[in-house]
Amino acid sequence: MPKSQLRAAALAGTADDVEAAFYEALQRGDIDALMACWADEDEVFCVHPGGPRLVGSSAIRAAFEQMFANGAIHATPAHVRRVESLASAVHNVLERIEVLTAEGPRHAFVLATNVYHKTALGWRMVAHHASPGMVHAPDAPDETPQILH
């Protein structure tokens, strides 16, 4: 069994666990660990900020390999909203990205949607779609439930 499939088989738990492994792999620049988070399906897709839709594991892997050629990606989830069911989970993630500029490290914010399906190997990512970066974090939505009388 190839190394990436062994890691994928060992990855267990919840959609949250897979998401944590995905962001850890980004921060380490570890392509094998990152790809172990993805489902092994032809229709998985990824859209990077301002980029085209990448369909299939090979296209997704090639894009992340190219990104990792410039170093790891310092992205951390700052806030997550979840919609989950028995076999799927959708996470809307506010990512905090650290970028190195001529003036030193700066932060940007990206809104990403990560979709997970429960597969025979456990939870796996089937889609990642990220918005263009923003200099400031969007205002936090009011978490108070709205009740009409």
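Counting in full-length UniProt numbering, the sequence shown runs from 1 upward without gaps.
Think of the CB as a built atom: it goes at the ideal place given N, C-alpha and C, for glycine as much as any other residue.
For clarity, every value in this text was computed on a predicted model and none was experimentally measured.
Original post:
Contact check, ARG96 vs PHE109 under 8 Å by CB: the rounded distance?
Top reply: 6 Å
Original post:
Among PRO77, ARG28, HIS117 and ASP17, which one has its Cα closest to the Cα of PHE45?
Top reply: HIS117
Subject >> Range of the contiguous beta strand (DSSP E) that encloses SER88 >> reply: Its beta strand (DSSP E) spans residues 88-101.
Subject >> Spatially closest choice to GLU43 from ALA36, ARG53, PRO49 and LEU34, by CA coordinates >> reply: ARG53
Original post:
Among the residues of its own chain, which have a CB less than 6 Å from the CB of ARG81, if the five just before and after it don't count?
Top reply: ASN92
**OP:** Identify whether ALA36 lies in helix, strand or coil by the three-state DSSP scheme.
**Re:** helix
Original post:
With distances taken between CB atoms, is the gap from ARG106 to VAL99 smaller than 9 Å?
Top reply: yes
Original post:
Can you tell which of ALA137, VAL83 and ASP32 has the C-alpha that lies nearest to the C-alpha of SER58?
Top reply: ASP32
Original post:
Are VAL55 and CYS37 closer than 9 Å when you measure CB to CB?
Top reply: no
**OP:** Answer with buried or exposed for MET134, where buried requires no fewer than 16 other C-beta atoms within 10 angstroms of its C-beta.
**Re:** exposed
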